[in-house]
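Visitor:
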Amino acid sequence: MNRDVVVTGIGLVSCAGEGIAAHLAAFASAEPPRTDAETFAPYPVHPVAPLTLDTQIPKKSDQRQMEPWQRLGVYAAGLALDSAGVKEDAAFKSALQLIVAAGGGERDVAVDGAILTGLREAADPGAFLNERLLNDLRPTLFLAQLSNLLAGNISIVHGVTGASRTFMGEESAGVDALRIGHARIASGQVEAMMVGGSYSAERPDVMVIHEMGGFLLKPTYRPVLEREDEDGGGFVLGSAAAFLVLEAAEHAAARGAKALARLLPVANDRVARAPGSVTESLTRLIDEAGIERPDVVLSGATGLSDLAREEIAGIQARLPGTGIRATGDMIGHPMEVAAPFGAALAAALCAVGSAGEVAVTSVGHRRGEGVIRVVKA
Amino acid sequence: MPDSRSSSTHDAQGRPLVAVTGIGIVTSLGRGATENWDALTAGRSGIRAISRFPTEGLRTRIAGTVDFLDTDPLVAPLLSERFARVAAEEAVAQSGIGAGFPGGLFVAVPPVEMEWPQRQALAEAAGEAGEVTYATLQRAAASRRFDPWHDLFIFGTVADRLADRFGTRGSPISLSTACSSGATAIQLGVEAIRRGEMEAALCIGTDGSVNPESLIRFSLLSALSTQNDPPEGASKPFSKNRDGFVMGEGAAALVLESAEAARARGATILGYVLGCGEKGDGFHRTRSSPDGAPVIAAMRAALDDAGLGPEAIDHVNAHGTSTPENDKMEALGCSAVFGERIGQLPISSNKSMIGHTLTAAGAIEAVISLLTIRHGRIPPTINYAMPDPALLLDVVSSVRDMRVSRVLSNSFGFGGQNTCLVLGDEPA
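Protein chains in written order, with the numbering used here: chain A, 1 to 377; chain B, 1001 to 1428.
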């Protein structure tokens, strides 16, 4: 069986705002993305636009039990369900399956700092750590951090209870989520899936991880493809969430849903990184994905200049003259969300007639390359 | 009754049959299928007092740690990688599929983050007086001295290194469905083979996260047994006096192949993954719907997927965590699915001996289910001295010899995750 897969719902939040229109406007604009270079200096971030959480997460108790990355994701998932016209369709949602691409949640930075300060003077560090963790960690914090609990919260808040799987593994997790979501629908294993992810950049703990290795751009934002310097560029983390409702074309048609765009089989791989290998991989994947004459390439380039150079060379080798737009210049780098965001924006461009075909590329900062083809429905 | 189109290579729905041609296992009971099987059927416990870190002041001081394998530094991602590697080496060797694995990798890994010894090292390296904040750690990280830790503490590294070691193809999948992750890894492999995307899949569940913070987090949710003495008596699934689970560690790996490909290369088929079923639960973050509907739906979905009715199941390898909630809900679910027969259907929980291996549990228990089928012998649920009279189950309290053709293996997790597998000796 090989069925057409269509996008019937899109939910987006980022520094550019929320919803499809805000992100089409960001795509059309030449303005730099909203950036906060102060709060986490020396690291700039692209902070999420203020959200009226109550509109998608009505219960305060649910809001309280989540950390920001989960709230962003649950919010965007709600927007996607609204966009697909299924928010009140209990039967649809109880059959709807999820693939979420996500890492883990925020640390309690105040607790961690206090413990580390205390450990310096502690006579018995092991016993001190045990005591402080037992007394200071909020019991519910664990659930706000566990990777699969974004999916769990989407089930609780929105009643999406088909089943869920959470893919971890940075940028490539987002590409794999789309690839497997598409493949399961195309092959007839399932009728509909919601695929996406969420990332909160406004947290100093992730900056420690990415400062190790020197992956973060300092001290201010510069356009993604203009970060050539002796430091090798770097990424500016962005808070964002993106979800797509994917359906078999006949399933969408049968319920009278509008197909916003068509998603084609996703091509991705993981090649050993060596000079030239990313260029070669991307060129091959563009062929494999069947990219023809895209109106634009949405690149998820992280901002690391050597990888960006290779990515652009790979794209230009197959698609000379095609415009390349870095999604990092609209929303920053949201890690697992980069590919779902690109695919969602591509679908939105097709839905409003701004494009007939869009190619989305992803090159992970440590591993994984992917190409996604979206065409008008 | 649909026309059965099942054959030696395809199931009744015309999909490629998925055979298991290699298994590997590491638990607190030992390394490899033989050591584990001997210990499990002898009713030996791998639960012991934790020696890896100080347990002073903790309510729970026991676990099923794997103490015969270690890493430097001793952190969850490296331990998880090591266990996975050992289990996968056994599985791949048994399968005879050769170096350069001809298919994808699906690995259930615990969510990783930097651990306390590393945070402390960064705080010290900053060499600053006064209060430690994350800005302190960032400044230490910017010294470039800690760059190798980036890869150690990002989510995709364990799978990446396993993919390099075994030469699997394509983008490796790192996944989590909490305590049903190991079963989900197998399910993803089964689905990929059924789609015809690959002829083989390496499916692994691994967990090496017995460290102070993980233990304390579960403890704060009142999920763990506090009956520390004697350690081997703490995990007592389906008992009236059960009071929580005991954390365990380990890994299991399965080489899945389309039956057609396995036969073509003359491989020994150890069994089949006949069906996979899942169902989400939106009731609560840690508790199941009180009516058990999602648990029931997941078990039924696995049976439906296998094309089998409940009467075809010979044995249930239970999730059986030994928490009051899980065992009650699992018994309720089983009663609904199997009806009155549940009183005569042998059910057993491996967790009584190895503890709850969390991310790895679904894969470890699938491997033990296959060993159960092969040997015609059901490992006991130890510590079943005080049966819970409310649970009308045939709990296997001492090792039982009987022909077992088909096993239902259950896995349930936080976040409303329910995944069930049907494993069998022959196609349905």
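Note that CB positions come from ideal geometry on N, CA and C, so glycine has one too. Owing to the predicted nature of the structure, the values given are computational and were not obtained by experimental measurement.
Taking C-beta pairs closer than 8 Å, name the residues in chain B that Arg-270/A reaches, listed in chain order.
Guide: Position 270 of the first sequence, counted from the start, is the residue given in the question as residue 270/A. Per Cβ cutoff of 8 Å: Asp-1160, Ala-1163, Gly-1170, Ser-1171 and Pro-1172.
Visitor: Along chain A, in chain order, which residues have C-beta atoms closer than 8 Å to that of Leu-1058/B?
Guide: Locating residue 1058/B in the second sequence gives position 58, counting from the first residue. Result: Asn-130 and Leu-134.
Visitor: Identify which residue in Pro-42/A, His-23/A, Val-48/A and Phe-40/A has its Cα closest to the Cα of Ser-239/A.
Guide: Taking the first sequence and counting its residues from 1, the one referred to as residue 239/A is at position 239. Considering only alpha carbons, the answer is Val-48/A.
Visitor: So, under 8 Å CB-CB, Ser-1235/B and Ser-1352/B are touching, yes? Tell me the CB distance rounded to an integer number of Å.
Guide: The count along the second sequence starts at 1 and reaches residue 1235/B at position 235. The count along the second sequence starts at 1 and reaches residue 1352/B at position 352. Between Ser-1352/B and Ser-1235/B the Cβ distance is about 5 Å, and since that is below 8 Å, they are a contact.
Visitor: So what does Phe-167/A bridge to, in DSSP terms?
Guide: Residue mapping note: residue 167/A aligns to position 167 of the first sequence, counting from 1. Answer is Ala-101/A and Leu-1175/B.
Visitor: Among Gly-353/A, Cys-350/A and Ala-359/A, which has the Cα closest to the Cα of Ile-312/A?
Guide: Residue numbering aside, residue 312/A sits at position 312 when the first sequence is read from its first letter. Of the listed residues, the one whose Cα sits closest to Ile-312/A is Ala-359/A.
Visitor: Can you list, in chain order, the residues of the stretch 151-169 of chain A whose Cβ is nearer than 9 Å to any Cβ on chain B?
Guide: Ala-151, Gly-152, Asn-153, Ile-154, Ser-155, Ile-156, Val-157, His-158, Gly-159, Val-160, Thr-161, Gly-162, Ala-163, Ser-164, Arg-165, Thr-166, Phe-167, Met-168 and Gly-169
Visitor: Residues in the stretch 1142-1159 of chain B with C-beta within 7 Å of chain A's C-beta atoms, listed in sequence order?
Guide: Ala-1142, Arg-1144, Phe-1146, Asp-1147, Trp-1149, His-1150, Asp-1151, Phe-1153, Ile-1154, Phe-1155, Gly-1156 and Ala-1159
Visitor: Since Arg-262/A is in the beta strand (DSSP E), which residue starts that stretch and which ends it?
Guide: Taking the first residue of the first sequence as position 1, residue 262/A is located at position 262. Here the beta strand (DSSP E) through Arg-262/A covers 261-263.
Visitor: Would you list, in chain order, the members of the stretch 172-184 of chain A that have their beta-carbon closer than 8 Å to a beta-carbon of chain B?
Guide: Within the stretch 172-184 of chain A, those residues whose Cβ lies closer than 8 Å to any Cβ of chain B are, in chain order, Ser-172, Ala-173, Val-175, Asp-176, Arg-179, Ile-180, Ala-183 and Arg-184.
Visitor: Going by DSSP, what residue range makes up the beta strand (DSSP E) through Met-194/A?
Guide: Working through the first sequence from its first residue, we reach residue 194/A at position 194. Start and end: 192-199.
Visitor: Return yes when the Cβ of Arg-165/A is within less than 9 Å of the Cβ of Leu-1069/B, no when it is not.
Guide: On the second sequence, residue 1069/B is found 69 positions in, with the first residue counted as 1. On the first sequence, residue 165/A is found 165 positions in, with the first residue counted as 1. It is not a contact, given that the beta carbons lie outside the stated cut-off.
Visitor: Pairing CB atoms from the stretch 267-287 of chain A with CB atoms from the stretch 35-48 of chain A, are three or more of them under 8 Å?
Guide: no
Visitor: For chain A, is any of its Cβ atoms less than 9 Å away from the one on Glu-1228/B?
Guide: As a position in the second sequence, residue 1228/B is number 228, starting the count at 1. Note that residue 1228/B corresponds to Asn in the displayed sequence, not to Glu. Chain A contact via Cβ: absent.
Visitor: Between the alpha carbons of Leu-134/A and Gly-368/A, how many angstroms are there, rounded?
Guide: Within the first sequence, the letter at position 134 stands for residue 134/A. Within the first sequence, the letter at position 368 stands for residue 368/A. Note on geometry: alpha-carbon atoms of Leu-134/A and Gly-368/A lie some 39 Å from one another.
Visitor: Apart from the five residues just before and just after Ile-99/A, which ones in its own chain have a Cβ nearer than 7 Å to its Cβ?
Guide: Taking the first sequence and counting its residues from 1, the one referred to as residue 99/A is at position 99. Arg-165, Phe-167, Ala-177, Ile-180, Gly-181, Met-193 and Val-195, listed in sequence order.
Visitor: Does any CB atom of chain A fall closer than 9 Å to the CB of Ala-1178/B?
Guide: By one-based count along the second sequence, residue 1178/B stands at place 178. Chain A contact via Cβ: present.
Visitor: Please confirm if Ile-1216/B has its CB atom under 9 Å from at least one CB of chain A.
Guide: For the purposes of this step, residue 1216/B is identified with residue 216 of the second sequence, where counting begins at 1. For Ile-1216/B, at least one C-beta of chain A is nearer than 9 Å to its own C-beta.
Visitor: What do you get for Thr-1034/B, buried or exposed, if any count of 16 or more other CB atoms within 10 angstroms of its CB means buried?
Guide: Your numbering for residue 1034/B matches position 34 in the second sequence. Exposed.
Visitor: Do the stretch 1202-1212 of chain B and the stretch 1293-1302 of chain B make contact, defined as three or more Cβ pairs closer than 8 Å?
Guide: No, the stretch 1202-1212 of chain B does not touch the stretch 1293-1302 of chain B.
Visitor: Could you check what DSSP says for Cys-1276/B in three-state terms: helix, strand or coil?
Guide: Along the second sequence, read from residue 1 onward, the residue named residue 1276/B stands at position 276. The three-state reading of DSSP puts Cys-1276/B in strand, counting E and B together.
Visitor: For Ile-1269/B, which three-state DSSP category applies?
Guide: Translated into the one-based positions of the second sequence, residue 1269/B becomes position 269. Here Ile-1269/B sits in coil by DSSP.
Visitor: For Ser-1045/B, which residues of its own chain have a beta-carbon under 7 Å away from its beta-carbon, when the five flanking residues on both sides are left out?
Guide: Along the second sequence, one-based indexing puts residue 1045/B at 45. Residues of the same chain with a CB within less than 7 Å of the CB of Ser-1045/B, apart from the 5 flanking positions on each side, are Glu-1232, Met-1353 and Ile-1382 in chain order.
Visitor: Who does Val-296/A pair with in a DSSP beta bridge?
Guide: Here residue 296/A refers to the residue found at position 296 of the first sequence. Its beta-bridge partners are Val-358/A.
Visitor: Over the uninterrupted alpha helix (DSSP H) stretch that includes Ile-331/A, give me the two end residues.
Guide: What you label residue 331/A is simply residue 331 of the first sequence in a count that begins at 1. Ile-331/A -> alpha helix (DSSP H) spans 328-331.
Visitor: Looking at Leu-146/A and Ala-1178/B, is the spacing between their C-beta atoms short of 9 Å?
Guide: Here residue 1178/B refers to the residue found at position 178 of the second sequence. Here residue 146/A refers to the residue found at position 146 of the first sequence. Contact: yes.
Visitor: For Pro-1111/B, which residues in chain A fall below 7 Å Cβ to Cβ?
Guide: Along the second sequence, read from residue 1 onward, the residue named residue 1111/B stands at position 111. Chain A residues near Pro-1111/B: Gly-104, Leu-146, Ser-147 and Met-168.
Visitor: Mapping DSSP to helix, strand and coil, what is Pro-1427/B?
Guide: Residue numbering aside, residue 1427/B sits at position 427 when the second sequence is read from its first letter. Correct three-state label for Pro-1427/B: coil.
Visitor: Closer than 9 Å, CB to CB, is Asp-112/A near chain B or not?
Guide: Here the question's residue 112/A lines up with position 112 in the first sequence. Yes, contact with chain B.
Visitor: When DSSP builds the beta bridges, which residues end up paired with Pro-340/A?
Guide: Within the first sequence, the letter at position 340 stands for residue 340/A. Beta-bridge pairing by DSSP links Pro-340/A to no other residue.
Visitor: Give me, in chain order, the residues of the same chain whose beta-carbon lies closer than 8 Å to that of Leu-119/A; leave out the 5 immediate sequence neighbours on both sides.
Guide: Reading the first sequence from its first residue, position 119 is the one you call residue 119/A. Answer for Leu-119/A: Pro-125, Phe-128 and Leu-129, listed in chain order.
Visitor: Run through chain B and tell me which residues come within less than 8 Å of His-251/A, C-beta to C-beta.
Guide: Within the first sequence, the letter at position 251 stands for residue 251/A. Going along chain B, no residue has its Cβ under 8 Å from His-251/A, so there is no contact; the nearest lies around 18 Å.
Visitor: Using only the alpha-carbon positions, how far apart do Pro-1117/B and Phe-1238/B sit?
Guide: Here residue 1117/B is taken as the residue at index 117 of the second sequence, counted from 1. Here residue 1238/B is taken as the residue at index 238 of the second sequence, counted from 1. Taking the straight line from one Cα to the other gives about 38 Å.
Visitor: So, Gly-1413/B versus Glu-131/A, is the Cβ gap smaller than 9 Å?
Guide: Here the question's residue 1413/B lines up with position 413 in the second sequence. Here the question's residue 131/A lines up with position 131 in the first sequence. Against a cut-off of 9 Å, the Cβ pair of Glu-131/A and Gly-1413/B comes out as no contact.
Visitor: Under the DSSP definition of a beta bridge, which residues are partnered with Thr-1419/B?
Guide: Here residue 1419/B is taken as the residue at index 419 of the second sequence, counted from 1. Glu-1278/B and Ser-1411/B.
Visitor: Rounded to whole angstroms, what is the Cα-Cα separation between Asp-1003/B and Thr-1184/B?
Guide: Taking the first residue of the second sequence as 1, we reach residue 1003/B at position 3. Taking the first residue of the second sequence as 1, we reach residue 1184/B at position 184. Because Asp-1003/B sits at a pLDDT of 45, beneath the cut-off of 50, its placement in the model cannot be relied upon, and the following sentence gives the value as read from the coordinates. Roughly 29 Å between the two C-alpha positions.
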